[in-house]
Amino acid sequence: DTAVSQTPKYLVTQMGNDKSIKCEQNLGHDTMYWYKQDSKKFLKIMFSYNNKELIINETVPNRFSPKSPDKAHLNLHINSLELGDSAVYFCASSHGQGGAKNIQYFGAGTRLSVL
Amino acid sequence: KQEVTQIPAALSVPEGENLVLNCSFTDSAIYNLQWFRQDPGKGLTSLLLIQSSQREQTSGRLNASLDKSSGRSTLYIAASQPGDSATYLCAVDLTGANNLFFGTGTRLTVIP
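Those protein sequence lines, which keep their order, are chains A and B.
Per the working numbering, the very first residue in the first sequence carries number 1; after that it's consecutive.
Per the working numbering, the very first residue in the second sequence carries number 116; after that it's consecutive.
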C-alpha cells in the first residue's frame, strides 16, 4: 500500500486552464504539505495543513488554493495556469510537530507541464 | 533568510569507497536538520534527522553530523554501493513548524 499517493502522476495542460492535483495519505498523520520542485531541482514548501487547518503559507500566488476535506487528504487546485507553473509538485505528510514526528513522508510527485 | 548550500553538486565514486557529502546553512539557529535521498522520478525518502541539541545520528552505513556554530552538516556514507546512487538533499527547520529549507542537492553516482 502506498503511504502517500498523488494523482495524476503526469499532467499536461494549456495555459489559462484550471487543474487539480489530489493527495491522500494512509499513515494516520495530522500534517500534510505541498512542495514545488522547479526545473533546477530546487524544492520549496508551498503550504502545510495540520488537522485541516492552514499552518504554513509561503509566498505563493493566490491562483494556488489548497483544499483539505479531511486530515487524510490535501488537494491542490491551480487556477489560470501559467508557463512558470510547470514543475514537479510533491505532497508529503508527517505525524505532527516536534522531534521525530517531524519526519516527512513524500509522494512520488506530479509532473505538471503547461504548454 | 536561511540559505542552504550543498557541495559538490555531483559526485561519482567507485563502489566500495567511503564518501562525504556537505551541507552548509547561513542561519545557525535551527531546530533540526534532515537528510533525504531522491531517486529519479520519485519522491524524497527521509534518511536521518538531527535535532539541534545533537551532534550526530547514525543509520546503518550512514552517519550524519551537525555543527550548528559553523553552520555545517556532513553525511558520511560508508562502503558505497550502486544502490546508493541518488540525489541527496539536506534541509533545515528553523522553528519546529516543519517549514523546511532545502539545499540544492548532491547527485551521487556509485560506479560498479
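We treat Cβ as the ideally placed atom computed from N, Cα and C, and that holds for glycine.
These numbers were taken from a predicted model, which means no experiment stands behind them.
Does residue i have its Cβ less than 8 Å from a Cβ in chain A?
i: valine 183 of chain B; result: Per the sequence shown, the amino acid found at residue 183 of chain B is lysine instead of valine. Chain A contact via Cβ: absent.
i: aspartate 198 of chain B; result: It should be noted that the sequence gives glycine, not aspartate, for residue 198 of chain B. For glycine 198 of chain B, the answer is no, since every Cβ of chain A falls outside 8 Å of its Cβ.
i: glycine 220 of chain B; result: yes
i: serine 174 of chain B; result: no
i: phenylalanine 140 of chain B; result: no
i: leucine 215 of chain B; result: yes
i: alanine 201 of chain B; result: no
i: leucine 204 of chain B; result: yes
i: asparagine 147 of chain B; result: yes
i: aspartate 212 of chain B; result: In the sequence as displayed, the identity of residue 212 of chain B is alanine instead of aspartate. Answer yes: the Cβ-Cβ gap between alanine 212 of chain B and chain A drops below 8 Å somewhere.
Is the Cβ of residue i closer than 8 Å to any Cβ of chain B?
i: asparagine 102 of chain A; result: yes
i: alanine 87 of chain A; result: no
i: glycine 109 of chain A; result: yes
i: serine 93 of chain A; result: no
i: valine 64 of chain A; result: Position check: residue 64 of chain A holds phenylalanine in this sequence, whereas valine was assumed. No, phenylalanine 64 of chain A lies away from the interface with chain B (no Cβ there is under 8 Å from its Cβ).
At what residues does the beta strand (DSSP E) containing residue i begin and finish?
i: methionine 46 of chain A; result: 43-50
i: isoleucine 139 of chain B; result: Checking the sequence, you will find serine at residue 139 of chain B rather than isoleucine. 134-140 is the extent of the beta strand (DSSP E) around serine 139 of chain B.
i: serine 185 of chain B; result: No beta strand (DSSP E) contains serine 185 of chain B, which DSSP labels as neither H nor E.
i: glutamine 196 of chain B; result: First-last for glutamine 196 of chain B: undefined, no H or E at that position.
i: serine 20 of chain A; result: 19-25
i: lysine 36 of chain A; result: 31-37
i: threonine 7 of chain A; result: 4-7
i: serine 113 of chain A; result: 110-114
i: glutamate 58 of chain A; result: No beta strand (DSSP E) holds glutamate 58 of chain A; DSSP gives it neither H nor E.
Looking at chain B, which residues of the segment 30-56 of chain A have a Cβ within less than 8 Å of any of its Cβ atoms? Thr31, Tyr33, Lys40, Lys41, Phe42, Leu43, Lys44, Ile45, Ser48, Ile55, Ile56
Could you pull out every unbroken beta strand (DSSP E) segment of at least 3 residues lying fully inside the segment 61-102 of chain A, listed in chain order? 64-70, 73-78, 87-94
Threshold first: 4 residues or longer. Then list the alpha helix (DSSP H) segments lying entirely within the segment 199-227 of chain B, N to C. none
Give the list of continuous beta strand (DSSP E) stretches no shorter than 3 residues that lie fully inside the segment 152-181 of chain B. Within the segment 152-181 of chain B, the runs of beta strand (DSSP E) at least 3 residues long that lie entirely inside it are, in chain order, 159-166, 171-174.
Would you call the segment 167-174 of chain B and the segment 97-111 of chain A in contact, with 3 or more CB pairs under 8 Å? Contact annotation: the segment 167-174 of chain B does not touch the segment 97-111 of chain A, with fewer than three C-beta pairs closer than 8 Å.
Would the segment 133-145 of chain B and the segment 36-43 of chain A be scored as touching if the rule is three or more Cβ pairs under 8 Å? no
If you pair each beta-carbon of the segment 68-78 of chain A with each one of the segment 19-29 of chain A, do three or more pairs fall below 8 Å? yes
Of the residues that make up the segment 151-174 of chain B, which ones have a beta carbon closer than 9 Å to any beta carbon in chain A? Phe151, Gln153, Gly156, Lys157, Gly158, Leu159, Thr160, Ser161, Leu164, Gln166
Meets three-Cβ-pair contact criterion under 8 Å: the segment 50-59 of chain A and the segment 151-165 of chain B: In short, these stretches do not touch, since the Cβ pair count stays below three.
Is there contact between the segment 174-184 of chain B and the segment 116-129 of chain B, where contact requires at least three CB pairs shorter than 8 Å? no
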